[in-house]
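All remarks here apply to the structure that follows.
Numbering (the numbering used here), first residue to last: 3 to 304.
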């Protein structure tokens with residue numbers, strides 16, 4: 003619990019995908035938002051599991067929290083989203099009301115690009131309707147007395163959102179998604195379709211303009227040898243120590259670094275299965291007449 007504020011944050015680290023999911027809750031109302039939940043997927047066997055998401059569901063129940071929102075920072079390329087499973091998980095005996103799944107309004111751009119890559123044009127609902135709520139920059143969600151403000155932070159993808167948590171009229175924490183990593187890891191790649199290193203630099207600048215004590219919660223951690231996984235830093239720490247974008251690094255230098263580095267990176271292991279699920283809010287393809295579901299493997303498309 004943040005001592006000076008009225009909300010709490012609990013992190014859940016998935017070591018397989020290096021993803022950090024969060025439960026954000028309002029202390030008074032006990033309403034909660036889950037951010038970037040993971041649906042386990044074994045690429046070798048094609049089998050799914052809800053083990054990671056069950057940890058979150060168990061926490062919600064143990065803390066007697068009501069799931070109000072499931073928030074996606076973007077359509078992830080490194081894990082499948084557990085949004086559709088988790089949104090219906092409520093404590094025993096509670097009224098089962100599915101929590102809305104939320105993402106940035108620019109998801110429609112991502113759907114258009116990847117719908118073509120996967121040949122999924124007929125499977126994607128028009129105008130982003132696979133998601134329950136599309137947010138624009140500045141839109142606010144209520145979580146009891148706590149406000150969650152959407153911040154458009156494109157660059158990694160066109161649809162990236164950060165979620166700023168406002169309590170007592172001030173921003174105390176921001177869930178930054180794949181804009182920043184921990185200071186000794188740097189920043190996210192920009193070479194996926196629609197990515198833009200200049201836009202990422204500007205988005206990061208927007209985040210680092212918040213007061214120095216503002217807490218920044220990252221979506222992934224890839225710790226160097228000898229350091230345990232971590233997921234929270236401050237604006238001051240990022241500005242002083244981020245290896246890619248600390249104070250003094252200008253836009254041209256950042257773009258040159260980011261584009262050169264991205265050219266050396268392999269595709270994420272789960273990109274091909276995950277994106278086709280995540281652009282539909284964590285929904286698997288529809289089952290055929292025999293109840294079978296199939297993911298697609300585009301050849302020579304990326």
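Every residue, glycine too, gets a C-beta built ideally from N, C-alpha and C.
Chain-order list of residues whose beta-carbon lies under 7 Å from that of residue i (same chain, five-residue window excluded)
| i | result |
| --- | --- |
| residue 280 | 77, 78, 82 and 83 |
| residue 141 | 152 |
| residue 160 | 108, 111, 112 and 196 |
| residue 194 | 79 and 159 |
| residue 154 | 106, 139 and 163 |
| residue 261 | 199 |
| residue 277 | 77, 79 and 116 |
| residue 169 | 7, 8, 9 and 148 |
| residue 241 | 210, 248 and 249 |
| residue 34 | 25, 26, 27, 62, 67, 68, 69 and 70 |
| residue 128 | none |
| residue 57 | 14 |
| residue 122 | 278 |
Same chain, Cβ closer than 6 Å to residue i, neighbours up to 5 away in sequence not counted
| i | result |
| --- | --- |
| residue 96 | In this predicted model, residue 96 has a pLDDT of only 48, less than 50, meaning its place in the structure is not dependable; the value taken from the coordinates is given anyway. Excluding residues within five positions, none has a Cβ falling inside 6 Å. |
| residue 303 | 119 |
| residue 284 | 83, 85 and 86 |
| residue 175 | 167 and 217 |
| residue 243 | 185 |
| residue 237 | 210, 212, 214 and 216 |
Option in the options with minimal Cα separation from residue i
| i | options | result |
| --- | --- | --- |
| residue 212 | 271, 269, 256 and 167 | 167 |
| residue 309 | 294, 236, 289 and 80 | Within the shown structure, residues of the chain are numbered from 3 to 304, placing residue 309 beyond reach of any answer. |
| residue 190 | 157, 209, 174 and 163 | 157 |
| residue 14 | 271, 244 and 55 | 55 |
| residue 200 | 257, 32, 207 and 181 | 257 |
| residue 227 | 24, 186 and 10 | 186 |
| residue 64 | 91, 214 and 38 | 91 |
| residue 263 | 11, 229 and 245 | 245 |
| residue 39 | 292, 29 and 22 | 22 |
| residue 67 | 292, 27, 41 and 214 | 27 |
| residue 273 | 32, 208, 289 and 299 | 299 |
| residue 75 | 24, 11 and 44 | 24 |
| residue 145 | 204, 30 and 125 | 30 |
| residue 179 | 171, 206 and 173 | 206 |
| residue 255 | 121, 204, 172 and 271 | 204 |
| residue 208 | 132, 126, 181 and 133 | 181 |
| residue 259 | 270, 188 and 275 | 188 |
| residue 282 | 12, 114 and 60 | 114 |
| residue 253 | 202, 123, 293 and 268 | 202 |
| residue 239 | 290, 183, 292 and 266 | 183 |
| residue 32 | 18, 20 and 11 | 11 |
| residue 124 | 36, 265, 288 and 20 | 288 |
| residue 37 | 136, 297 and 177 | 177 |
Neighbourhood of residue i by C-beta, 8 Å cutoff - its chain only, sequence neighbours within 5 removed
| i | result |
| --- | --- |
| residue 89 | 69, 72, 100, 101, 102 and 103 |
| residue 301 | none |
| residue 53 | 42 |
| residue 45 | 271, 272 and 275 |
| residue 267 | 191 and 193 |
Beta-bridge pairing of residue i - partner residues as DSSP gives them
| i | result |
| --- | --- |
| residue 120 | Partner(s): none; residue 120 has no beta bridge. |
| residue 135 | 104 |
| residue 168 | 149 and 173 |
| residue 20 | Bridge partners of residue 20: none, in fact. |
| residue 248 | The partner list for residue 248 (beta bridge, DSSP) is empty, contrary to what the question assumes. |
| residue 219 | 177 and 234 |
| residue 143 | 150 |
| residue 303 | Paired residues: none, contrary to the question. |
| residue 27 | 10 and 34 |
| residue 163 | 154 |
| residue 312 | The chain is shown from 3 up to 304; residue 312 falls before or after that span and cannot be answered. |
| residue 15 | 22 |
Could you tell me which uninterrupted beta strand (DSSP E) segments, each at least 3 residues in length, are contained entirely in the region 31-100, listed from first to last along the chain?
-> 33-37, 40-44, 49-51 and 68-73
Evaluate the contact criterion for the region 214-224 versus the region 232-250: three or more CB pairs, one atom per stretch, below 8 Å.
-> yes
Should the region 243-252 be regarded as contacting the region 47-67, the criterion being three or more beta carbon pairs within less than 8 Å?
-> no
Starting from the N-terminal side, write out each stretch of the alpha helix (DSSP H) that is 4 residues or longer and does not extend beyond the region 184-217.
-> 199-209
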